[in-house]
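Undergrad:
Protein chains in written order, with the working numbering: chain X, 151 to 534; chain Y, -10 to 196.
(1) Can you tell me where the alpha helix (DSSP H) with residue 509/X in it begins and where it stops?
(2) Looking at the C-beta of residue -3/Y, does it have a partner C-beta in chain X at a distance below 7 Å?
(3) Residues of chain Y with CB closer than 7 Å to the CB of residue 489/X, please, in chain order.
(4) Going by alpha carbons, who is nearest to residue 352/X out of 369/X, 365/X and 342/X?
(5) Around the Cβ of residue 152/Y, are there at least 16 other Cβ atoms within 10 angstroms (buried) or fewer (exposed)?
(6) Can you look up residue 299/X in the DSSP assignment and give me helix, strand or coil?
(7) If you reduce the DSSP assignment to three classes, tell me which class residue 248/X lands in.
(8) Using CA coordinates, which residue listed in 194/X, 188/X, 226/X and 219/X is at the minimum distance from residue 213/X?
(9) List the endpoints of the continuous alpha helix (DSSP H) containing residue 55/Y.
(10) With DSSP run on the structure shown, which of helix, strand or coil describes residue 42/Y?
(11) For the segment 24 to 50 of chain Y, list every residue whose C-beta sits within 7 Å of some C-beta in chain X, in sequence order.
(12) For residue 116/Y versus residue 87/Y, is the C-beta spacing smaller than 7 Å?
(13) Quick one: is residue 64/Y near chain X, going by C-beta distance under 7 Å?
(14) Are the beta-carbon atoms of residue 4/Y and residue 28/Y separated by less than 7 Å?
(15) Does residue 190/X come out as helix, strand or coil in the three-state DSSP assignment?
(16) Going by DSSP in three states, residue 179/Y sits in which element: helix, strand or coil?
(17) Would you say the segment 345 to 359 of chain X touches the segment 468 to 476 of chain X, given that touching needs at least three Cβ pairs under 8 Å?
(18) Of all Cβ atoms in chain Y, is any one closer than 7 Å to the Cβ of residue 458/X?
(19) So with Cβ pairs under 7 Å, would you call residue 523/X a contact of chain Y?
(20) Can you name the residues of chain Y whose CB is closer than 7 Å to the CB of residue 341/X?
(21) Assuming contact is defined by CB atoms lying nearer than 7 Å, are residue 185/X and residue 259/X in contact in what I supplied?
(22) Measure from the alpha carbon of residue 99/Y to the alpha carbon of each residue in 172/Y, 114/Y and 67/Y, then state which is nearest.
(23) In chain X, which residues lie less than 7 Å from residue 56/Y when you measure between Cβ atoms?
(24) Could you give the first and the last residue of the continuous alpha helix (DSSP H) run that contains residue 403/X?
(25) Short of 7 Å in beta carbon distance, which residues of its chain neighbour residue 238/X, apart from the five on each side in sequence? Order them along the chain.
(26) Residues of chain Y with a CB under 8 Å from the CB of residue 500/X: which are they?
(27) For residue 19/Y, report the span of its beta strand (DSSP E) as first-last.
(28) Residue 22/Y and residue 44/Y - do their beta-carbons sit closer together than 7 Å?
(29) Could you tell me the distance, in whole angstroms, from the CA atom of residue 362/X to the CA atom of residue 303/X?
(30) Just mark residue 173/X as buried or exposed, buried being the case when its beta carbon has 16 or more other beta carbons within 10 Å.
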């Protein structure tokens, strides 16, 4: 069958609340009660409950991965290019789920949500969460949806870390894993970049040690700088040359003044400011911290050690040539570890100039690659 | 999504040297195909001979074509690809028409016999009589009949002959378990003149 790629249409975010009686225990030892996850689903769960794919989002993502919330929305979900009828994650065949991670600010329990103990937003009272905690919360959602085993778990960047966490620590719950532009171990460079973002937030006087929700001003300046640093790391030298060059914004020559002059400055400023309207500074701290803690070489000392019981999963590992944030060697280390445990692993380093953002932008190659990989698994499971 | 391409249905549609290699591989074995290209051989072996196959391929287009065929392939060069596999991971490791392009063929052969019990190697033979005549009479570096590529075209190759390969296998203490010689796309008889008559040679090796 060949379908012209189309949209999943109008979708609604749903909410699942759990751990109301028995608290949800975090890796740190802290507990949360209750816990809510915001999630969306696309397509239909089949009678065997065997066609579910979980999509994991990156740092600033939400449960809104595909479709539109309202008919006049000008922008679709964050991975709308790859989720829908006839797309890589074909919703005519698969039941696609995406949930907002614990600690984020798009409807799941996090620092912006009300702390039942005080009736006020958690702020820094919210316990530090890990990628492992995020995934264990997702498992509660998957349990609630009545799914024993996911057909596939897929995601890029921090989403890829969740994919690897699923594969390493809950291998019986998935058949296939697609970690994209990601790592099994957050590197010192990545931790350093996270810390610059966090320091920008701490340095904003409106941050108020995280207690700003009832104040007239939020730490927007700090969060905007954090996002600007982030944006630089999602691009590449080459993509910045192509996208902006040294072109000036709305002017012909230098003003010899400290205004926004270059297009690249204007882009960063716009995106930084824009981000403050859609993301929370405290959530930025929590989610980046979760990534920094991520290290699958623990506790065995090797990456392969974490996948010893995960060799039955089929893997598609993808990196991008110009991604300097999660350089190809991170993915190759994963491939080496998975090969060492004799797992079925397909790997491609996709030629791209787009840097880390490529996993969202190289739609054509991704559609071919992911679509073919999933097709094969589908045929193996269900016959031709 | 479109469905998987239907697998190739018989040996005769394979490239001639691949069809010889396929005939040397028992059904159901664990196999690694080095430089598997668009996956033609692997597709046949996996879908027709129930081989548990893996491939290593350098080009993005090749990897995409292999995944389209439903194959498990990793992108990379042979050195780093082979290094990841534990000893004796495979029954067979295949290297078809790639030997003259390698920087370190001896190392790759040894690696093949480390990760696999047996290796199957095919290569174009510059010992073929027309190649010799070409150099003798025209003073030009000959094209191998089964590799029509000039010396200045990438990727670079190093001419080699059946006798060169046999000498190397002795030096590496590698045993030749089976040998097939081809000329003009057909099997040619084994003879004392194989180095003169074969355009492509196929060997099954073991350590």
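Virtual Cβ for every residue (Gly too), placed ideally from N, Cα, C. Computed from a predicted model, the values in this text were never measured in an experiment.
TA: Put simply:
(1) 508 to 511
(2) Unreliable positioning characterises residue -3/Y in this predicted model, as indicated by a pLDDT of 44, which lies under 50. The coordinate reading is nonetheless provided below. No, its Cβ sits nowhere closer than 7 Å to a Cβ of chain X.
(3) 73 and 74
(4) 369/X
(5) exposed
(6) coil
(7) strand
(8) 188/X
(9) 49 to 57
(10) strand
(11) 49
(12) no
(13) yes
(14) no
(15) strand
(16) coil
(17) no
(18) no
(19) yes
(20) What residue 341/X touches in chain Y: nothing, since even the nearest Cβ is about 27 Å away.
(21) yes
(22) 67/Y
(23) 496, 519, 522 and 523
(24) Premise fails: residue 403/X is in no alpha helix (DSSP H) and is neither H nor E.
(25) 232, 516, 517, 520 and 521
(26) 49
(27) 19 to 23
(28) yes
(29) 36 Å
(30) exposed
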